[in-house]
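Trainee: Got a structure here, written out as structure tokens. Questions coming.
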Amino acid sequence: MTELYALRRKIGMMFQMGGLFSDMTMFENIAFPLREHTKLPEELIHDLVLMKLHAVGLRGARKLSPGELSGGMARRVALARAIAMDPMLIMYDEPFAGLDPISLNVIGNLIRQFNDALGASSIIVTYDIAESLKVVDYVYILADGVVHAEGLTAEIQSSKDPFVHQFIHALPHGPVAFHYPTDKPYLGALHTRIGDNTPASE
Numbered sequence: 001m002t003e004l005y006a007l008r009r010k011i012g013m014m015f016q017m018g019g020l021f022s023d024m025t026m027f028e029n030i031a032f033p034l035r036e037h038t039k040l041p042e043e044l045i046h047d048l049v050l051m052k053l054h055a056v057g058l059r060g061a062r063k064l065s066p067g068e069l070s071g072g073m074a075r076r077v078a079l080a081r082a083i084a085m086d087p088m089l090i091m092y093d094e095p096f097a098g099l100d101p102i103s104l105n106v107i108g109n110l111i112r113q114f115n116d117a118l119g120a121s122s123i124i125v126t127y128d129i130a131e132s133l134k135v136v137d138y139v140y141i142l143a144d145g146v147v148h149a150e151g152l153t154a155e156i157q158s159s160k161d162p163f164v165h166q167f168i169h170a171l172p173h174g175p176v177a178f179h180y181p182t183d184k185p186y187l188g189a190l191h192t193r194i195g196d197n198t199p200a201s202e
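This note's numbering applies: residue 1 is where the sequence shown begins, and numbers increase by one.
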């Protein structure tokens with residue numbers, strides 16, 4: 001069990017929608033894992049927190065609470081907290097959900113930069129295909145509870161598999177049907193009887 005806890009300290013987690021502690025400042029949110037899992041002196045924790053905040057461009061927001069930040073800024077603080085312990089593995093749960101295009105691009109670039117700078121491995125769980133393909137090296141596509149496809153980013157992007165092609169390119173027609181199955185043919189609401197304005201029945 002001791003070994004398991006030690007391993008968990010090497011894993012960073014960015015929760016969906018950030019998951020910041022609402023009653024803590026930005027500084028305290030990032031300091032939390034450092035205080036919980038290390039015996040570092042407070043002076044060093046102070047410097048490390050400011051370093052992480054500076055890395056996400058929010059050193060000046062250290063005294064603010066989550067409620068005072070935009071969604072994109074709060075997500076950047078959550079990212080800073082995820083890398084507070086310089087983890088070897090970072091897990092991201094829907095890191096792009098609900099972000100405007102600028103914030104989305106910023107978060108994507110930060111994820112890639114921190115991954116490379118820390119020499120870490122990252123796992124990104126997301127439905128935002130276009131943005132995630134810009135930053136990942138290897139892709140798994142899950143469908144119906146199983147791995148439907150996997151491969152290098154370029155291989156997935158050029159896949160001829162009908163399901164993968166439809167999913168990657170967000171196409172309306174393909175194996176994933178637009179219409180829910182029905183046992184009654186649709187006659188069309190615009191079809192009317194001759195000499196009558198009443199729509200034809202289905």
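Glycine included, C-beta positions come from ideal geometry on N, C-alpha and C.
So is LYS39 buried or exposed if we call it buried at 16+ other beta carbons inside 10 Å?
Mentor: exposed
Trainee: Would you say ARG62 and SER103 are within 8 Å of each other, going by their C-beta atoms?
Mentor: Contact: no.
Trainee: Give the single residue among ASP86, PHE167 and ILE124 whose Cα lies nearest to the Cα of ALA31.
Mentor: The candidate whose alpha carbon is nearest that of ALA31 is ASP86.
Trainee: Let's see if you can read the secondary structure: which residues bound the beta strand (DSSP E) around GLU150?
Mentor: GLU150 -> beta strand (DSSP E) spans 146-152.
Trainee: Distance, Cα to Cα, GLY67 vs TYR140?
Mentor: 35 Å
Trainee: Applying the criterion that 16 or more other CB atoms from any shown protein chain within 10 Å of the CB defines a buried residue, is VAL125 buried or exposed?
Mentor: exposed
Trainee: Kindly indicate which three-state DSSP category TYR180 falls into: helix, strand or coil?
Mentor: coil
Trainee: From the DSSP output, read off the bridge partner residues of TYR92.
Mentor: DSSP lists MET14 and ILE124 as the bridge partner or partners of TYR92.
Trainee: Whole angstroms are fine: how far does the CA of HIS169 sit from the CA of SER159?
Mentor: 11 Å
Trainee: Quick one: is ARG167 buried, meaning 16 or more other Cβ sit within 10 Å of its Cβ, or exposed?
Mentor: It is Phe, not Arg, that sits at residue 167 in the sequence shown. Per the 10 Å Cβ criterion, buried.
Trainee: What does the alpha-carbon distance come out to for the pair GLU202 and THR182?
Mentor: Residue placement at GLU202 is poorly supported in this model, since its pLDDT is 48, which falls under 50; the coordinates still yield a value, given next. In a straight line, the C-alpha of GLU202 is about 12 Å away from that of THR182.
Trainee: Can you tell which of SER65, GLY71 and TYR138 has its C-alpha closest to the C-alpha of ALA154?
Mentor: TYR138
Trainee: Assuming contact is defined by CB atoms lying nearer than 8 Å, are LYS83 and PRO95 in contact in what I supplied?
Mentor: Lys is not the amino acid found at residue 83; the sequence shown has Ile there. Cβ distance not < 8 Å, so ILE83 and PRO95 don't count as in contact.
Trainee: Relative to the C-alpha of HIS148, which residue among ASP47, HIS165 and ASP93 is closest?
Mentor: HIS165
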